[in-house]
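Below: one structure, written as structure tokens.
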């Protein structure tokens, strides 16, 4: 609404516009008077002051009123309004216009800060566990544990072996790799357009992918310096929600080479 317009213009304002709250100045004021704001008592008088000229509607509301006898619109303001409303108490002044809005925003900021802190704590805990796992697996115990896991997996594969060849349940093509979930204990081959198998996925009792056998170095010998021509394995670990916890890349075992000789 433009300055100097008559009261008829103000009648066209929507209630939401009249109740528009500007909190910027109040935030600065609160920072300087936080202790007073926290101890505001009963209000004695309400004062509305027009700053730098005002419209007719605002001008009619300007003045000082005994608390409880002020006009109901004294707390309202429209877009771009510069009027200031204060409440004088026995302990100081508080901006009646924005006090409730400020308290709500303060609570929201505190809640958001707590969320950020919780996220940071969770992230730090995740990093701590990852560091512990890496330290553990870098020692002999970790090597033995991985070796035992591979051996157990190979025992399961032995049960599905037929004529020294893995029994493949499904063959897929396309850009996507072997899926992370399939049928329990299933084996899936992923092929290139020419029919060459470039990956073979193995799935556990829950149908989650536990290993991929890749027949190439993905065109990157620097990051996959394995085997004779880049053949390697990826081991997967998942949490209870099906999110990937860990993925390791390693050389194929001799048993894996024999079992997957048809694609290597």
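In UniProt numbering, the protein residues as written are 1 to 264.
Where is the CB? At the ideal position from N, CA and C, for every residue including glycine.
- Beta-bridge annotation (DSSP): residue 238 is paired with 244.
- The residue among 261, 208, 182, 82 with its C-alpha nearest the C-alpha of residue 231 is 261.
- As a beta-bridge residue in DSSP terms, residue 201 pairs with 188, 212.
- Taking residue 82 as the centre and dropping the five residues before and after it, the same chain places the C-beta of 50, 51, 52, 54 closer than 8 angstroms to its C-beta, in chain order.
- Excluding residues up to 5 positions away in sequence, 234, 235, 236, 237 lie with their Cβ nearer than 8 angstroms to the Cβ of residue 247 in the same chain.
- Only residues of its own chain outside the window of five on either side were considered, and among them 198 have a CB closer than 7 angstroms to the CB of residue 192, listed in chain order.
- Collapsing the DSSP output to three states places residue 75 in a helix.
- When beta bridges are read from the DSSP output, residue 49 appears opposite 84.
- The beta-carbon distance between residue 256 and residue 213, rounded to whole angstroms, is 7 angstroms. This is short enough to meet the 8 angstroms contact definition.
- Counting C-beta atoms within 10 angstroms of its own C-beta, residue 190 has 16 or more neighbours from the protein chains shown and is therefore classed as buried.
- The continuous alpha helix (DSSP H) containing residue 256 extends over residues 254–259.
- In chain order, 191 place their CB closer than 6 angstroms to the CB of residue 173, counting only its own chain and leaving out the 5 sequence neighbours on each side.
- Straight across, the Cα-Cα distance linking residue 73 with residue 80 is about 16 angstroms.
- Short of 6 angstroms from the beta carbon of residue 217, and not among the five residues preceding or following it, lie these beta carbons of its own chain, in chain order: 224, 230.
- Nearest Cα to residue 179 within the set 133, 86, 210: 210.
- Considering only 195, 66, 84, 181, the residue with the shortest C-alpha distance to residue 58 is 84.
- Under the DSSP definition of a beta bridge, residue 250 partners with 233.
- Under the DSSP assignment, residue 55 falls outside any alpha helix (DSSP H); it carries neither an H nor an E label.
- In this chain, the beta strand (DSSP E) harbouring residue 64 covers 63–66.
- Non-local beta-carbon contacts of residue 183 in its own chain, meaning distances under 6 angstroms to residues more than five positions away in sequence, involve 207 in chain order.
- Straight-line spacing of the CA atoms in residue 47 and residue 66 works out to 9 angstroms.
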